[in-house]
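K.L.:
First the structure, then my questions, so here it is.
Residue numbers (my numbering): 3 to 257.
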């Protein structure tokens, strides 16, 4: 309710003049609403080009083979004292290209070269040895990526952290035992037995690393590991068949 400032008569809310004395009445106006500018568009961060990733992996590979990294010490520690080493790894920032170029490829060369040497010792065809070596190398590197995706994909089902970088760390460093055991492939029969033992130990490394890197509760580790193994074995078996078929076509075509 408002009143005339001159005569005090009661005014209607929308009145601009006093009906009694004719005095103009100021009409209260609401201040204009300031237009808030829209926030700048959020652009999705672009992934690094493939050639940049390849360059990073190549640089990591060169650093590792020249002894500028702790690769040897990491291999020794993850095999001899895995519980303590997983704690150290958990404090590190995951770098996919360094994990692949500076660790996985180098260690994957152990079974690849050993398989090549062992195969040419029992076969007169050099191409067969090359096929075996290349299959070991390619399937190992691709297998790490697949294992990482499987670990990360299954993480929510076991109330674990979904983080691909940590999943990659788990995959790469768990593979260590099997890659090191691959040196025994120089002797084909013993080598396969050695790879089996190395694979079992790699599973043990994975089981120890899951609670540390992914926060998996101990009562869910067994089920998590079991599903990872089943999925990985099936995928790797199919992958190796595909790789072997492709390499076979390439080498047989050249012959």
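All C-beta atoms, glycine included, are put in the ideal place defined by N, C-alpha and C. Just so we're clear, the structure is a prediction, and the values are computed from it rather than from any experiment.
(1) Any idea what DSSP makes of residue 7, helix, strand or coil?
(2) Checking 9 Å against the spacing of the C-beta atoms, do residue 184 and residue 200 come in under that value?
(3) By Cβ distance below 7 Å, which residues in the same chain neighbour residue 92 in space, the five residues on each side in sequence not counted?
(4) From residue 191 to residue 159, what distance separates their C-alpha atoms?
(5) Residue 204 and residue 228 look like a contact to me (Cβ under 8 Å); what is the Cβ gap, rounded to whole Å?
(6) Give the straight-line distance between the Cα atoms of residue 141 and residue 208, rounded to the nearest whole angstrom.
(7) Who does residue 113 pair with in a DSSP beta bridge?
(8) From which residue to which residue does the alpha helix (DSSP H) around residue 87 run?
(9) Which value, in whole angstroms, describes the spacing of the CA atoms of residue 121 and residue 163?
(10) Apart from the five residues on each side of it in sequence, which residues of its chain come closer than 6 Å, Cβ to Cβ, to residue 23?
(11) Checking the sheet assignment: what are the DSSP bridge partners for residue 12?
P.N.:
The answer reads as follows:
(1) The answer is coil: DSSP assigns residue 7 none of H, G, I, E or B.
(2) A contact, by the Cβ cut-off of 9 Å.
(3) Hits under 7 Å: 214, 215.
(4) So the two alpha carbons sit approximately 39 Å from each other.
(5) About 14 Å separates the beta carbons of residue 204 and residue 228, which is beyond the 8 Å limit, so they are not a contact pair.
(6) Answer to the nearest angstrom: the Cα atoms are 19 Å apart.
(7) Answer is none; residue 113 lacks a bridge partner.
(8) Residues 84 to 92.
(9) Each residue's Cα considered, the two are about 42 Å apart.
(10) Exclusion of the five residues before and after residue 23 leaves 8, 9 as the residues of its chain whose Cβ lies within less than 6 Å of its Cβ.
(11) According to DSSP, residue 12 bridges with 5.
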